[in-house]
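For reference, the structure is listed below as structure tokens.
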Amino acid sequence: MYWGKILHIDVSKRKTHIQRVNEAWLKTYVGGVAMAARLAYDNIPKGADPLGPDNALCFANSAFAGTIVPVGTKYGVAAKSPLTGFLGDCLAGSYFSASMKRAGYDGIVLKGKADKPLWIFVDDDNVYFNDASDLWGKGTFETEEAIRAKVGDERVRSCTIGPAGERLVRFANLTNDRGRQAGRTGLGAVMGSKLIKALAIRGTRSVKVADPVNLMAACNKLSEVAQSTKTEKYRILGTPSNVLNMNRLGVLPTRNYQNGEFEGAEKVSGEYMKAHYTEKAVACYGCPIGCEQIAHVKQGPFAGARTSIDYESLFAFGPNCGIDDIEAVIAAIDRCDSYGMDTMSSGVTISWAMECFQRGILTKEDFGGVEPTWGNSQAVVDLVKKIAYREGIGDLLAEGTKRAAAKVGKGSEHFAMNVKGLEAAGYDARGFQTFALGCAVGTRGPCHNRSLAYEADAKGTVDRLTGGPERGAIAAEAENFAGVLDIMMLCKFIRNCFTDLWSEVPALYTYVTGIAFTKEDVKAVAERSWNLKKAFNIREGWTKADDWLPGRWLKDPMPSGGSKGAYVKEDQLRTMIDAYYEARGWTKEGLIPKEKLNALGLDDIAKEIGA
Amino acid sequence: MEKQFPRIICDPDKCVCCGDCEMACSMTKHQVFNPSLARIRTMRIEPIVMLAVGCKACADAPCVLACPRNALTQDPEKGIILVDQEMCDGCGWCIEACDFGAILLNPATKRVEICDHCADEEEPQCVKFCKKEALTLAVPETASQQVRKDAVSRLLQELVTGK
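Protein sequence lines correspond, in order, to chains H and P.
Its first residue numbered 389, the first sequence is counted upward by one per residue in the numbering used here.
Its first residue numbered 4, the second sequence is counted upward by one per residue in the numbering used here.
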């Protein structure tokens, strides 16, 4: 259901107001990433400093939040990213989203800058600006618990930042429900720059739906299918099951993407973790799958580390840092979660620094007397803390690979593994060349979550070791498919449970909202969303040159393993990018024609940035 | 044999705290989604301890004894606690008496509500929607027999495979 209400909070003035949105607007932007992108476009002025008061954190809920729709209780959040300077759009699951819904809002826009640290409490209709001086400095888990204790109600759910967000680490994240994060693109730094420690919500209203009978029947069936082999991978080993698969394919990033296979992969595999460290698989609120593998280190130097482990975090601190000691990997992830810092950007930035050490670009002195050799697990875990608190070399690394490499120079840009400033994901694009295109053109940077282009590579429907012009349409289609899930806010892990996603998802939407919605509508909204995000970037000065890949993927053939010899040929990449622009209906320069924007119902944006 | 009443039992090893039991309950009883209106509630003591808690259908139920207005009675056959919505005035003595926090005070009607195993449905809807099969409607003896069976099967497995 929708409330037709967006809550605007100006923390400079400590004022709030409600923006009413009608059904036509809601049907156009639906929720999640699309609605967040629209709110960001409307509320963030062109050229705003990402860490200044003009940037706005735009939360957009799921139409399904707080209902029984499986994996539909998620929210999207967008702002101008301090890491990329473009749109940073994230999503996260769980209770916070349900609380926002029950409080009576479809979205929340947070802007301005407080005069001192505050935590904001949205208590149904009331908004309180509370002093956060006693919370400042606390970790993310602690902060959420402390707020619950202050209010004295378990139903209070918070989106918090940790020390990393307070110190404007450019890849700090937003955390809710202990370990659910709006993880990438540095939105935690945006909240930190506003001196907001937490956005807490208590919602007590009931959530009504238009067609309860059909909804309950459809959800009963979908939840049933979600226990079948179609989600087995996620339920049994969780995403860490990828480690050995990616290793076999030769795309497991190893030692800062110097290789695609890791000799110690077995020891950091999902199988090994399950056998020795996983306590239980748990679920986000509203999820009948339950993929979160809670791992616990009980002894040794990292005793006490305990958090949920996903593949992307695991690759970043494991193979990517040459570490085969899974206890250290769990510890590094646990620290990141507590400091409120993106594990992927943290791991990939640390691995960049380790390669700088390997090549003599950075020295032992730069690291405060420590030698960060590959596999030095203590050094890596210590670096996580140094980044969060910006101590020593951590201050440089807290800027991310793009800025750090620009500062350090000496050829380190070649292996600064980012696109648009966002660090790469756990698939070496040389061995997944449809995904290479997805990485180059992604509006927020190289992202496995926004572009499902790697599926074509992994399934073998294309030759993954080389590119081709047909990939343009494949990548656009894979983005639209991911887009539907990110707008309807269904977790991607349920994607294989539908018989026909394109008709079943709109049906669920109609049962919940009462708004008629067709297959065509859902396709249109996915396309509109990608164009919106792109439009935001264009307004911020995006040019074709921003859609490109790091030097390593273009110049260094993969040394060994299942993708041996592969690299992304520049002329092929150019061809693929051109084909992608064409598939999207954009100009050769990658700009969006006015007619295209008008056709998507984005007339006002067409006037501003249309080509 | 002394009579045991069936109750909704939750296996904490299977529960992932998805909250679908609360959703199914509030939808069945109030046609809305709202855990604050559910007669079964989930608890997550982070990060891995989780359980759904509902009425335990205690013998000589303390809530019934505590009610100063005789609004609560226990069904002698099923053990469920019936609430006379006319008699109840929402004083909350029964809530204090319950050791499991299983009694809901409806904030709108200011009357209490207690799980009745979905008397109007074919089966308790929380059990139906618990796809992890963590919830069952069973008498304690049956439930503990099942736990013992599972435990012995596990032991046997370990003996056979040596793991």
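Every residue, glycine too, gets a C-beta built ideally from N, C-alpha and C.
Cutoff 8 Å: residue i Cβ touching any chain P Cβ
i	result
S344(H)	The question about residue 344(H) has no answer, for chain H in this structure spans 389 to 999.
S616(H)	no
P981(H)	no
T789(H)	no
S594(H)	yes
N708(H)	no
V670(H)	yes
N608(H)	yes
S733(H)	no
Of the listed residues the options, nearest to residue i (C-alpha basis)
i	options	result
M651(H)	M661(H), E667(H), N708(H), T666(H)	Sequence check: residue 651(H) is Glu here, not Met. Here the closest residue by C-alpha is N708(H).
N884(H)	S611(H), G435(H), F924(H)	S611(H)
I62(P)	F8(P), C121(P), H33(P)	The sequence given here has Ala at residue 62(P), not Ile. Nearest option by C-alpha distance: F8(P).
P50(P)	R568(H), G939(H), I535(H), A451(H)	R568(H)
H521(H)	A570(H), E554(H), P834(H), W941(H)	The sequence shown places Ser at residue 521(H), not His. When each option's Cα is compared against that of S521(H), the closest is E554(H).
A741(H)	P441(H), L556(H), A683(H), A792(H)	A792(H)
C724(H)	I775(H), C744(H), I749(H)	I775(H)
I381(H)	C133(P), D123(P), E124(P)	Residue 381(H) is absent from the structure shown; chain H starts at 389 and stops at 999.
K668(H)	A491(H), T831(H), Q681(H)	Q681(H)
E865(H)	W762(H), R972(H), V768(H), D845(H)	R972(H)
K911(H)	A987(H), G871(H), W930(H), R927(H)	G871(H)
A828(H)	K847(H), G855(H), A846(H)	G855(H)
A486(H)	G476(H), E970(H), A453(H), T592(H)	A453(H)
F484(H)	L475(H), G476(H), D494(H)	D494(H)
L942(H)	K932(H), Y955(H), V900(H)	Y955(H)
I83(P)	I12(P), K131(P), C58(P)	C58(P)
Y390(H)	D398(H), K415(H), K403(H)	K415(H)
P600(H)	D754(H), A537(H), E620(H), Y899(H)	Y899(H)
T472(H)	G953(H), V597(H), E787(H)	E787(H)
H756(H)	A412(H), D783(H), G678(H)	Note on residue identity: the sequence assigns Gly, not His, to residue 756(H). If we check each option's Cα against that of G756(H), D783(H) comes out closest.
Range of the contiguous beta strand (DSSP E) that encloses residue i
i	result
I749(H)	From DSSP, I749(H) is part of no beta strand (DSSP E); its letter is neither H nor E.
F803(H)	Neither: F803(H) is in no beta strand (DSSP E) and is coded neither H nor E.
L562(H)	562 to 564
Q7(P)	Careful: Q7(P) lies outside any beta strand (DSSP E) and carries neither H nor E.
D398(H)	393 to 398
Residue burial classification, residue i (beta-carbon count within 10 angstroms, cutoff 16)
i	result
G735(H)	buried
R408(H)	exposed
M634(H)	buried
P71(P)	exposed
F103(P)	exposed
E542(H)	exposed
G435(H)	exposed
I432(H)	buried
E928(H)	buried
P676(H)	buried
G953(H)	exposed
8 Å Cβ cutoff, residue i in contact with chain H
i	result
G95(P)	no
P9(P)	no
I51(P)	yes
H33(P)	yes
M90(P)	no
C20(P)	yes
F36(P)	yes
A27(P)	yes
F132(P)	yes
D14(P)	no
M158(P)	Here the sequence assigns Leu to residue 158(P), which means Met is not the residue at that position. Judged by the 8 Å Cβ criterion, L158(P) is not in contact with chain H.
D123(P)	no
K113(P)	no
Continuous alpha helix (DSSP H) stretch holding residue i: start and end
i	result
F705(H)	699 to 705
V19(P)	Looking at the DSSP string, V19(P) is not in any alpha helix (DSSP H), and its letter there is neither H nor E.
S581(H)	575 to 581
R44(P)	Careful: R44(P) lies outside any alpha helix (DSSP H), inside the beta strand (DSSP E) at 44 to 48.
8 Å Cβ cutoff, residue i in contact with chain B
i	result
P760(H)	The displayed structure is made up of protein chains H and P, and chain B is not among them.
Legend entry - Inter-stretch contact (C-beta, 8 Å, three-pair minimum) for the segment 901 to 913 of chain H and the segment 468 to 483 of chain H: no
Inset, instruction - Could you tell me whether the segment 930 to 948 of chain H touches the segment 889 to 900 of chain H, where touching means 3 or more Cβ pairs closer than 8 Å? - result: no
Inset, instruction - Evaluate contact between the segment 814 to 824 of chain H and the segment 787 to 804 of chain H, counting only Cβ atoms and requiring at least three cross-stretch pairs below 8 Å. - result: no
Inset, instruction - For the segment 563 to 577 of chain H and the segment 613 to 623 of chain H, state whether three or more C-beta atom pairs, one from each stretch, are separated by less than 8 Å. - result: no
Inset, instruction - Flag this pair as touching only if the segment 450 to 470 of chain H and the segment 871 to 881 of chain H have three or more C-beta atom pairs under 8 Å; answer yes or no. - result: yes
Inset, instruction - Please confirm if the segment 64 to 84 of chain P is in contact with the segment 113 to 120 of chain P, defined as three or more CB-CB distances below 8 Å between the two stretches. - result: yes
Inset, instruction - Indicate whether the contact test is met: 3 or more Cβ pairs, each with one atom in the segment 34 to 45 of chain P and one in the segment 978 to 988 of chain H, closer than 8 Å. - result: no
Legend entry - Touching by the beta-carbon criterion (3+ pairs, under 8 Å), the segment 524 to 543 of chain H and the segment 761 to 774 of chain H: no
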